[in-house]
Each structure stands twice: as structure tokens, then as C-alpha cells.
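Here the structure comes first, spelled out in C-alpha cells, and everything after it is commentary.
Here it is in C-alpha cells:
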């Protein structure tokens, strides 16, 4: 066992060695976080040059406000649309492409191609598809006849369909990411497990349910945590497709859009923006911890 | 030399039994590529023809792409010539 004196002698060297990491973490993570938490106690102008301290009550005031509760509800709905659908489609595509077929590499490239598309480009494509005046889908005759809402008022302008439309664009943009990760997970499953199950008489679905899904556990846990976090932080697609609207319901104003969106009610107050941002951070932290603890126990790591 | 992953022996299908699987792969690929397809087709049409048969690549032109390229170049030139962007 090492004696304490020897450890104390190593302290300066240790401090010098961790100093670069500590400096970077302090400057780019801890300081902005502390500054934002502190700013969240104040009411300010837009550039935060003139602030008045209102105290910690501002956090509970923002939490209880109608705008925040509405944004949280919209964010929850958006997440519940994007995460399960994105995950199910990603798994389905990966299963479909996890076969020995001539030219399967081309299909894998197509399925993973959306990962190379930025949020701005993906949103622009979906805007070009859905916007009633210039959009492709609303201007296809039979679609317009069958679903009037695509043209008047338009999927992105109707309060009932705007969030689903934005979620659809988000699912499409995230499909490549899920596909690549699940494909990698599938290829890491030992073939003999499937073969043993097949010899025992398990059919395709049984093997998927009892071998593939449990063995994909760690991958799926990671994908769920990342997709949830992304859905909570979704901003670009909302800003570009609906601008938080349609008014007056604000049916696509998520918490992230409430923090920074052009039409957000807290846009002109850096203090309220900081309060909202801190709440978003806390919610994401709690959600990630719950997911890791809740699902983590059920995940099989193969050891 | 590394060999390509070839899937499970028990899942390997041959002959005509591959047709439905290929059909499904093609349908899903079309759905995944549809937004990209419509955007590319629109970029290859004159501005006033974009909404005429939006899914069909008729009245082909490269002018839109050429204009976008030159506009982007002039914006880039402006923004490097001045300290702040001009738009």
C-alpha cells in the first residue's frame, strides 16, 4: 500500500497534468453553466447588458407559467412522435438490409444517406414538399383532392398537423443515424446464437424477439437516449418549417424554441431565456438518468 | 483479406424467393429518397415550371443551378471584401 507522504509529493505533478483538461472544462462547460444559472435569477434586456436581480423565485415562476407548460407539453408530444417512430423505422430498415443479397451495399448507402443531410437542408426539402403554395405534395392533383388540408391551410399551417409534419421531417433526417447504429449492433450479434435458436425451432419473429432485440439492448439504449436528447433540443426544423406556429396556438413551440425562437415570448429577455434554458438542461439530465437507470437494468451486455 | 459480411446462412434465400425482398428494398429506398428526388428535380427546372408535373423531370435546364452558384460566389466575394455580410 502506498504511504500518504508519497501521494502528497505527487500532488503538484498531478495538478499540473490535469490543469489543461480542468481549464478547458472550466472555461467551456462550468463557467457558462454557472453564468447561465446566475443569469436565470435576473430580468434583463435582450443583450443582457442591463439586468435586475429578481431572485430564485424566477425559476418557479417560469416553471409555472402557461407558456413554459405549453412548450413542455409540445416538446413531450414531439419526442413521443420522433423517438418511437424513428427507432422502429431504424430497426426495420436495419433488419431489412441485414441480409445477404447482391447489391445490398447500395441499399445500405441509400438508407444511411440521410445522416449526411444537415438539419437546414432536410428542413428545406420538407418545406419544398409540404408548403401549400410552392410545395410538391399539395400540388399533386389527386393528393389535394383526397386530403384537402395539404393545400388549405397546408400541413405546416394547420395547428393539428404542423407538429406531426415537423416530426416527420425530423424522423427522416435522423433515420440514417439510427440505421447505421442498429446495423452495427446487428452485425455484432454472433451468428451461432441465431443458428442455435433456429435449430431449436425458433422462427424469424421468435429469433428477432428472443435473440436480436436482447442482444441489441446496449445499442438501442444509446439510440433512445440520443434520440430523446435530440428531440428535446430540436430547433432548426421548427424555426425553418413553422417558426413555432401556427398562431395563435403555438402548436410547434418547443422548450428549445421558447429559449431562442424569433417569435418566442421570452426572446427579448436574456434572463428569462436563461431560466428556460436551465430548466431544459435539468429536464434532459433527469430524463437521461431515468432512461439509463430504468432501461439500463434490462440491457444485456453479453458478459 | 477481410471478407464482406454475408449474413446468416439460415437466412440466405436464392432464386425467385429473393424478388419480394428486392421489391421491398426498392420501395423503401424510393420513400427514403423521395424528398431528395423532388428537390433535385425542382432544381433542374425553370422557376416558372417547378409546379407543372412536380414529379416529372421535364423542361430540363441547368440555369437555376448556375444562377445559384454565381449568386453564392458573389455573396462570398462580398462578404470577404467587406467586414460584414452584405445581405
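Protein chains in written order, with our numbering: chain Z, 1 to 303; chain H, 1001 to 1087. Every residue, glycine too, gets a C-beta built ideally from N, C-alpha and C.
Run down chain Z in chain order and give the residues with a C-beta less than 9 Å from the C-beta of residue i.
| i | result |
| --- | --- |
| residue 1029 of chain H | 106, 107, 110, 111 |
| residue 1062 of chain H | Residues of chain Z passing the Cβ test: none, with the nearest at roughly 19 Å. |
Give a yes or no on whether the C-beta atoms belonging to residue i and residue j are separated by under 8 Å.
| i | j | result |
| --- | --- | --- |
| residue 178 of chain Z | residue 86 of chain Z | yes |
| residue 1038 of chain H | residue 136 of chain Z | yes |
| residue 161 of chain Z | residue 149 of chain Z | yes |
| residue 305 of chain Z | residue 219 of chain Z | Residue 305 of chain Z is absent from the model: chain Z starts at 1 and stops at 303. |
| residue 225 of chain Z | residue 292 of chain Z | yes |
| residue 24 of chain Z | residue 278 of chain Z | no |
| residue 125 of chain Z | residue 1035 of chain H | yes |
| residue 254 of chain Z | residue 78 of chain Z | yes |
| residue 173 of chain Z | residue 252 of chain Z | no |
| residue 1041 of chain H | residue 1055 of chain H | yes |
| residue 193 of chain Z | residue 296 of chain Z | no |
| residue 83 of chain Z | residue 217 of chain Z | no |
| residue 240 of chain Z | residue 120 of chain Z | yes |
| residue 74 of chain Z | residue 276 of chain Z | no |
Measure from the alpha carbon of residue i to the alpha carbon of each residue in the options, then state which is nearest.
| i | options | result |
| --- | --- | --- |
| residue 167 of chain Z | Z:193, Z:230, Z:288 | Z:230 |
| residue 113 of chain Z | H:1023, H:1015, H:1031, H:1017 | H:1031 |
| residue 1022 of chain H | Z:106, Z:187, Z:124, Z:36 | Z:106 |
| residue 242 of chain Z | Z:14, Z:140, Z:69, Z:157 | Z:157 |
| residue 108 of chain Z | Z:268, Z:54, Z:182 | Z:182 |
| residue 46 of chain Z | Z:262, Z:95, Z:239 | Z:262 |
| residue 189 of chain Z | Z:95, Z:268, Z:33, Z:8 | Z:95 |
| residue 281 of chain Z | Z:70, Z:102, Z:29 | Z:29 |
| residue 138 of chain Z | H:1050, H:1026, H:1020 | H:1050 |
| residue 128 of chain Z | H:1071, H:1065, H:1043 | H:1043 |
| residue 234 of chain Z | Z:163, Z:289, Z:294 | Z:163 |
| residue 269 of chain Z | Z:52, Z:20, Z:144 | Z:52 |
| residue 92 of chain Z | Z:265, Z:80, Z:111, Z:76 | Z:111 |
| residue 132 of chain Z | Z:143, Z:147, Z:142, Z:153 | Z:153 |
| residue 54 of chain Z | Z:200, Z:67, Z:40 | Z:40 |
Is there a Cβ of chain Z sitting closer than 8 Å to that of residue i, yes or no?
| i | result |
| --- | --- |
| residue 1044 of chain H | no |
| residue 1071 of chain H | no |
| residue 1057 of chain H | no |
| residue 1003 of chain H | Residue confidence is low: residue 1003 of chain H scores 47 on pLDDT, short of 50, so the model does not pin down where it sits. Its coordinate-derived value is still stated next. Closer than 8 Å: no. |
| residue 1020 of chain H | no |
| residue 1024 of chain H | yes |
| residue 1120 of chain H | Residue 1120 of chain H is absent from the model: chain H starts at 1001 and stops at 1087. |
Taking 8 Å as the CB-CB cut-off, is residue i touching chain H?
| i | result |
| --- | --- |
| residue 125 of chain Z | yes |
| residue 206 of chain Z | no |
| residue 114 of chain Z | yes |
| residue 172 of chain Z | yes |
| residue 175 of chain Z | yes |
| residue 155 of chain Z | no |
| residue 34 of chain Z | no |
| residue 81 of chain Z | no |
| residue 52 of chain Z | no |
Could you name the residues of chain H that residue i contacts, counting a contact when the two beta carbons are closer than 8 Å?
| i | result |
| --- | --- |
| residue 139 of chain Z | 1051, 1054 |
Could you tell me if residue i is buried or exposed, where buried requires 16 or more neighbouring beta carbons within 10 angstroms of its beta carbon?
| i | result |
| --- | --- |
| residue 237 of chain Z | buried |
| residue 207 of chain Z | buried |
| residue 17 of chain Z | exposed |
| residue 1045 of chain H | buried |
| residue 14 of chain Z | exposed |
| residue 257 of chain Z | buried |
| residue 246 of chain Z | buried |
| residue 49 of chain Z | exposed |
| residue 90 of chain Z | buried |
For a contact defined as C-beta to C-beta under 7 Å, what are the partners of residue i on chain Z?
| i | result |
| --- | --- |
| residue 1039 of chain H | 125, 128 |
What residues from chain H crowd round residue i, counting only those whose CB sits closer than 9 Å?
| i | result |
| --- | --- |
| residue 181 of chain Z | Ordered by position in chain H, no residue passes the 9 Å Cβ test against residue 181 of chain Z, which lies about 16 Å from the chain. |
Please list the partners that residue i has in chain H, where partner means a Cβ-to-Cβ separation under 7 Å.
| i | result |
| --- | --- |
| residue 224 of chain Z | In chain order: nothing, as chain H lies at least about 22 Å away. |
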